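Here the sequence shown is numbered in the numbering used here, starting from 1 and rising by one per residue. C-beta: ideal position from N, C-alpha, C; glycine also. Only a predicted model underlies this, so the values are computations on that prediction, with no experimental measurement involved. Here is the structure we will look at.
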Amino acid sequence: IIASERVTAGLHQVRDLIEKPTPEESPSRLALIGRYVLSPAIFPVLQRTVPGKNREIQLTDALRHLARQVPIYAREIQGQRYDAGDKLGFLQATVEFALKDPILGPRFSRYLKQLHRRAGLLPA
């Protein structure tokens, strides 16, 4: 989640980043989704970043430090967000994208209906 200042519609200058804050700690409803365009300036910062959770170096921690040195910008995007790190979120994304596929979608939809019928969730 980021704390930021709006530069223009949909563009923010990042002031701070917090990895998985509680609702009380959250400075906004703007989340990072893991798509970055980074300059080489990130590499020395990563080398100095102390390992965090699970003894891993967290990119969020490095970006937090970098934001104090150089401007970092975030672009708002519209659309559905899926938590692919969560098993259910991964399955939801897979099913929804499969159903939207023009070739696979109709066949996959029939398959899901067959599963529902077998499970007794749809009339035969």
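How far does the alpha helix (DSSP H) with Thr-60 in it extend, from its first residue to its last?
59-66
Where Val-70 sits in the DSSP three-state scheme
coil
Straight-line gap, Ile-57 to Arg-110 (C-alpha atoms, nearest Å)
45 Å
Give me, in chain order, the residues of the same chain whose beta-carbon lies closer than 8 Å to that of Gln-80; leave out the 5 immediate sequence neighbours on both sides.
Glu-96
In the DSSP assignment, what residue or residues form a beta bridge with Asp-86?
Paired residue(s): none; Asp-86 is not in a bridge.
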